[in-house]
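Please read the structure below before turning to the comments.
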C-alpha cells in the first residue's frame, strides 16, 4: 500500500518539502470522536525546531481540516488535514550532489530522475508534520478510551536518560516537554552535546523509548500482524529510524531464559507479570502490561562538514558542503513522529479487534 | 491480513503444533521458476534440532507440494506446501499453567479459551517449518535472479561471532552449516555455552545477522512500505525475535553524522558507498549496497527450572516445572526462519517494483 | 491479493483440477463458532453433479479440516480445509486446442505456458468445492448470529422461476433443494430444457437470485468498499458469472425516480422501506431490508459440438470436439458457490464493522 | 481499505458535498507520465451539469495539484488533487427527512448521527469530481501506452443508443461529447425524455456501456482479483450504479453454449475471437479482445414530487418535498465517473502485472 498504512484505521501521507501543501488522510476513524484543533497544534509544536539546537527554519504549520470533521467531532468519513508549506527556500537545494545519508540517490534511481528533489521532496522530514497532525487525532481517540502513551529521549550523544519509573505521571509530563527527558539534568547535558556537535559542523543521534498504558490484553495476531511487526513496520518510516526493539530487545540476547521470562501472578482477577522484559507483548499479542519499545535514530545526515559524494546530474564524484539551516540532532523532534505513528498503529489494531466504532465509544 | 504477508508475492501460514498438518500457501510467485524439492528439504533440515544442543523431538518434515507446481516449475497459481505433524506427544501438554515467556496467556485471552493450547498451537515454533519451506521456494527464485542471502549467529550467550568479510563466499558457506557461524571456534564456544545452560535447566539467547547481495537499487517505498519496515514487519513474526536493526542500528545512536554517513563514489558507472552504516537502505529504498540487518532472539522461554505462574483453568497462581523436551537455545534454528522471511519479503518487494513475472525471468 | 479475498475474514483458495488436493484457508474467523462437518458435506453435495442433467464424474469430496478447529469449534487461527482430488482422468485433457469460452488461452498467456492445463487447472470449476466448503463454515457463523441466505435459479433456458414471496421460509426450503427453484413445476421445465440442450450437444445458461435476511443496517462503506462492490468483486470469481445486479438492477434503467425510490416508514422504532428496489443497500451501505441480488451465469462453455479454435502448442487453427463428461448447465451447481461467496463476504463486512470476535458472539 | 482502491496504483477519496474541499490521492502512479491540466479540466467539464437537463448549480471545479507532479510529470510520489467547494448553499439541506433512494438513513445509522448530512456529505455525487480528476491522470497514462477507452449512454428512459461499430473512432468521438451517444438522433430523444421527466417532477435512469481497447492479454487473476471483479468493485462505488455486466452479461442467461462461446482464430500470430460475447475476459483474465461492459444507473433519487419518508431527528413519518436544484438524470454525468474508475482500475491491474513503472514507459 505504499504511502498508506493500516487495515481498519488507515493513514495516507502526501506532499513534498517544497510543494504547495502536504497532508494526511485518516480513513476508518470511528465517528463521534471530539477533535481539538489546539491539541493538534500543540503536537505540531513538539515536532518543530525548538530553540538554539534546531534549524532556524520557522515552520508555523497552520493546518486545516478539510473533511471528516463536523460540529467538532469525527464523522467517520475520511479525515483530511492539509498543511501549507510556507517558508521554503528552493534556492538552498537543487539537483546535483547526492547528500550522503539521505535518500537523494535512492529517490533518483527509484523515480528515474522525475523526483521532486528540492529539500528531499517526498522523503523530507517535513512530511512528518502531516503524520504528527494525523497522529494527534489518533491520540485524542486513544486517550478517551483510556490508552495513553509517551516517549522520551532514552539516549543522545552517549548520554542516558533515567528510565520510566512512574509510568502514568511520566507520560503526562513528557507530553508537555519540548525536549522530552525524564531527568532534566541529563536533558541539559544532551542539549549541550547537541549544540557542541552543531558547532563542530557535525550532528548526533539517539534512542527514543516509548511507553503505552491501558492497552487491553489480546490485541495483535500471531503471525505477521504481530503488535511488534505492525508497529515496527510503521516506525521504520520515520526518517532516521534504523532499529526497533521491544521490551529488553537486543539486551535479551545476553540474558538466560530464567532472567528473561516474565513470571505471571494474579492481581484481583487480572493476570499480570512481575517484570516486563517482553515489553507487554507475548506471541505478538498484548498481554495487558505496558507496551514498551525503543527506536534507534541515526544522527542527522545533513552536516556542515565537507563530504565526498557523487553528482546525480553529471555522474562525477565531488566534494559537497551543505549550506543552509540544519539540525545537529533530530532525535528530540522525531519523538513527535514516533508518538504519532504509535497512536495510529494502536488505533488500527484496536479497531480491527473491537470493530470500526470502538474508538468512538464512551470515554473510559 | 493477519496470517498472510505480502502484496504481490504473499504467503499464508496455517496449522497448529499438534494438529494433523501445517502448511503454507505462496500466492503471486511468478510462473516458470524451477522448484527443487531436495533444496526445500535441506532448508527444513537447517531448522530442525541438530545434535545434543537441541530437543530430541525428531521432526522429519516430509512435506508435499499439492498445488502450484507442474512439471517441476511454478505455474504462477497458488503454491501450497503441506507438512504432516508426526511425532506429537499431546500428553506433554494440557491447558493449565501459562508458561512464562510464551503466548499461552495471550492466546487464551485473544481466543476466549477456544485456542488449541497443545504445544503452543498456532503460536508454536513448529509453524516455522511451513515458513521455511515457503521461503525455500522464494530463495530458489531469488538465486536464479542473482540475489543471494545468508545469516550467521552474530552473538550467542555473550559470545560474538566474526563479522562478514567476504560476503559472497561467507553466504555460500553459511548456507551449508547447521550451526551458522563465520568463526568455527566461536561456534564451538557458543555450542558449549548452550549445552551448559541446558545442563543448568536454563536457556540462552542471541543475535542473528543477515546479509543479502545482488539487490538492485530503487526497491522499496518512502513511507510505510520501506524496505526496513516491510522486513521488520515479517521478521517480528518469528517467535522470540524482539528487535530488528539495519546497518549499524542501535550503534548509530552514539555516532556522529560525520561517522554515520556513507560517502558515495563512482565505480564504473555505478554509484556505491565506501561504508555501509545504513545497511544498504536510504530513505527506505535499497541503494544497491549489501542489505544488512540483525535480529535479537530472546532465550528459549521453555526452561526446566521451576517458574511462578498462573493456571489458566483455575486462575490460581502456581509453580510450574516444564518437563518434556526443550531446546536450551533456538537462535541457531531461528536462522532458517529469518532466511525464509527475508526471501519472501524480498520477492514481494521485487515483484511489486518489476512486475509479477520478473522473478520467473531469465537466470541472472 | 489475488487468490485471497477479504479484509477481516479472508479466504485463500488453492489447487488445480487434476492436482493431488485443493483447499481453502479461512483466516480471521472468530473463535468459538461450532463447526458441523455434516453441514459442510451437505453444502458440497449441493455443488456436486445431480442426476441425469450433470456430468457423470463422481466427486465424493471427502474433505478434512487440518487446522483452526479444536474440540468442535473454531479456534480463531487459520482454518484450513483440504479436499483430495479423486476421480481425475488426465487422459481426457492435454495441452492443445484452446477450448472456446474457457480460460485455456488466457491462462497460457498469463502463465507463459507454465500453467497446469489439465482440466482447466487452477481455473477449473472444481476449485469451487473448496470455496463451498469454506463458505459453509461462514454460513454456520452467520446463522448463529441471525443472518440467513438462500439462492434460487431465477431463470434458466428462458424459463423464469417464481419470485421470493415468503423470504424466511423460501430460504429454508431452497437450502434443502438440490435444484433450487421456488416453483417446482418451473424447475421441472428447466431440467427438461437442460437435458434437451445436452442431448443436442449444447448447453444453457441462467440467472441466480440471492436473498439474505437479518443483516443489520449500517454495514459497508460509501466509496469502494460498498456492499455491492465487495460482493460483486467476489461473485465475479465464480466461473461463468458475467453479470451482477442489486435490487431491480438493470431494470432500474427504465424506471422513473418516483417508481425506483423506496419510501421509508417506521415500524416499532425501526425504519423500513415499503418496496426494495435498491436490494437492501443505499449508498453502498445496508439499510436493514433484505439484501437481494442476481448473478448472470453463462451457458457451460464445454459442449459436444465441434468448435473452431486455435491449438496452443502449434498456433494453428483447428476444429475441436470436446469429448468426455460435461454438464449441459452449471447454473444449478453455481448456486452453492454463490451462497458460499456471499456468506464469506458478509462475514468479512460484519467483522470489519463489529470487530473480529463478533461472529463468535452469543447465538441470536 | 474503505475509501482507498487499488493494490499497485491506489486512489483515496475524501471530502463532503458542503465541506471546504474534496480531493483524491493517487499513490503508486509511475514517474514520468506527462500531466496535462487542461485534459483534467476537460474531464471535469464532462461530469458537470450540461445545459437545460442538468442542475443549475455551477460547479467550476478549479482544482489544484498539490503533490506528486514536478516539471509537468508525475514524480512517482503520491499525487494529490484538491477541488474547493464553491457554490454550496447549505440552507438547502438540513438533517431531517431522509431522502428516499439516498444514503441519508444508512449514513445516519452507520455514523451514529455524526455524519455531515449536508447535501449527502461524503456520499454526495459531488465527490465524483475528485474521482474524475484522478481518473483523468490515469487515462493520460493509459493513452500513452496505447490503451484507450470510452463510454456511451447505451440506454436512457427506454431509448436505446446504437452499439459500438468502429471502436477506435467511436471512442475518440465519445470523449468529445458532453452527452455521449453514438447515434445523435437517439441522444436528442433521450434529452427530450429527460427534460420531460424533469418537467413532471420526476427523473429517469439509464445504462452506460464502456469499451476499452489496447489491453494486452494476460491481465487479471483467476480467483477474486478477476478483471470483472476488480472493475465491478470500483464501479459499484459510483452513486446510482446498481448493476454491472461484462460482454453479453445477463443476455447470456438465455443463450446456448454454441451461441455464447467465442471461436478463436489466428491473425498474423495473434489469437483473436470472432465474436466477443465474453467482453474480452475469460477466466477473469483479459484475452486481448476489446473489454466491454455495461453499468445500470438508477434514476436520480432526488425528485420534485412529494415522497413518504421518516424524519431522522424525530423518528416520525413525514411527507417530503425536495426543493432546490436537481438533475432529472445523472446517467450522462455518471459517464465521466465510469471512465475514471475504469482508467484507475486498469492502471492498477497493469502495474501489478508489469511492474510499478510500466505505465511510465515509452509511448506506445
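Residue numbers (the working numbering), protein chains in the order written: chain S, 1 to 364; chain Y, 1001 to 1364; chain B, 2001 to 2364; chain E, 3001 to 3364.
C-beta: ideal position from N, C-alpha, C; glycine also.
Computed from a prediction, not measured in an experiment: that's the story for all the values here.
Check, Outcome
"Rounded to a whole number of angstroms, what is the C-alpha to C-alpha distance between residue 3069(E) and residue 3075(E)?", "5 Å"
"Considering only their Cβ atoms, is the gap separating residue 241(S) from residue 285(S) smaller than 8 Å?", "no"
"Checking contacts by CB at 8 Å: is residue 1298(Y) closer than that to chain B?", "no"
"Going by alpha carbons, who is nearest to residue 279(S) out of 136(S), 260(S) and 42(S)?", "260(S)"
"Taking only runs that begin and end inside the stretch 1091 to 1172 of chain Y, name each unbroken beta strand (DSSP E) of 3 or more residues, in chain order.", "1148 to 1156"
"Nearest to residue 1952(B) by alpha carbon, out of 2189(B), 2063(B) and 2304(B)?", "Since the displayed chain B opens at 2001 and closes at 2364, residue 1952(B) lies outside it and no answer follows."
"Whole angstroms are fine: how far does the CA of residue 1141(Y) sit from the CA of residue 2115(B)?", "17 Å"
"What are the residues of the stretch 2274 to 2290 of chain B that lie near chain S, defined by any Cβ-Cβ distance shorter than 7 Å?", "none"
"Figure out for me which residue from 1236(Y), 1273(Y) and 1235(Y) has the closest Cα to the Cα of residue 1385(Y).", "Because chain Y spans 1001 through 1364 in this model, residue 1385(Y) falls outside it and cannot be assessed."
"Which of the three DSSP states is assigned to residue 2268(B) in this structure?", "coil"
"Taking DSSP as the reference, what is the three-state secondary structure of residue 2056(B)?", "Unreliable placement is indicated for residue 2056(B), whose pLDDT of 45 sits below 50; no coordinate value is reported for it."
"Tell me whether residue 3056(E) is buried or exposed, calling it buried when 16 or more other Cβ atoms sit within 10 Å of its Cβ.", "In this prediction, residue 3056(E) has a pLDDT of 45, which is less than 50 and means its spatial position is unreliable; what the coordinates show is noted afterwards. It is exposed - the Cβ of residue 3056(E) has fewer than 16 other Cβ atoms within 10 Å."
"Excluding sequence positions up to five away, which residues of its chain have a Cβ less than 6 Å from the Cβ of residue 3234(E)?", "3005, 3341 and 3345"
"Identify whether residue 322(S) lies in helix, strand or coil by the three-state DSSP scheme.", "coil"
"Between the stretch 182 to 192 of chain S and the stretch 1008 to 1027 of chain Y, do three or more beta carbon pairs fall short of 8 Å?", "no"
"Could you check what DSSP says for residue 358(S) in three-state terms: helix, strand or coil?", "helix"
"With H, G and I counted as helix, E and B as strand and the rest as coil, what does DSSP make of residue 2348(B)?", "helix"
"Do residue 356(S) and residue 2352(B) have their CB atoms nearer than 8 Å?", "yes"
"Only counting the same chain, and skipping five residues up and downstream in sequence, which positions put a Cβ closer than 7 Å to that of residue 39(S)?", "136 and 140"
"Given a threshold of 16 other Cβ atoms within 10 Å of its Cβ, counted over all protein chains shown, does residue 1072(Y) qualify as buried or as exposed?", "exposed"
"Taking the alpha helix (DSSP H) that residue 2035(B) belongs to, which residues open and close that run?", "Unbroken run through residue 2035(B): none, as it is neither H nor E."
"What is the rounded straight-line gap between the Cα of residue 3302(E) and the Cα of residue 2212(B)?", "28 Å"
"In terms of residues, what are the limits of the alpha helix (DSSP H) holding residue 215(S)?", "No alpha helix (DSSP H) contains residue 215(S), which DSSP labels as neither H nor E."
"In the DSSP assignment, find the beta strand (DSSP E) that holds residue 3013(E) and state where it starts and stops.", "3010 to 3014"
"Ordered along the chain, which non-local residues of its own chain (more than five positions away) have a Cβ less than 6 Å from that of residue 271(S)?", "264"
"Could you give the distance in angstroms between the alpha-carbon of residue 3253(E) and the alpha-carbon of residue 3084(E)?", "46 Å"
"CB-CB under 6 Å to residue 2363(B), same chain, minus the five flanking residues each way: which ones, in chain order?", "2144"
"Nearest-angstrom Cα distance between residue 2082(B) and residue 2153(B)?", "29 Å"
"Identify every residue that forms a DSSP beta bridge with residue 2080(B).", "2025(B) and 2067(B)"
"Compute the distance between the beta-carbons of residue 3157(E) and residue 121(S), then report whether it is under 8 Å.", "no"
"State yes or no: is the beta carbon of residue 2109(B) nearer than 8 Å to at least one beta carbon in chain E?", "yes"
"Answer yes or no: do residue 1100(Y) and residue 1202(Y) have a C-beta to C-beta separation smaller than 8 Å?", "no"
"Is residue 3353(E) close to chain Y, meaning its C-beta is less than 8 Å from at least one C-beta of that chain?", "yes"
"So for residue 207(S), helix, strand or coil by DSSP?", "strand"
"Shortest alpha-carbon distance to residue 1170(Y) belongs to which of 1290(Y), 1134(Y) and 1314(Y)?", "1290(Y)"
"For residue 1110(Y), count neighbouring Cβ atoms within 10 angstroms of its own Cβ and tell me buried if that reaches 16, exposed if not.", "buried"
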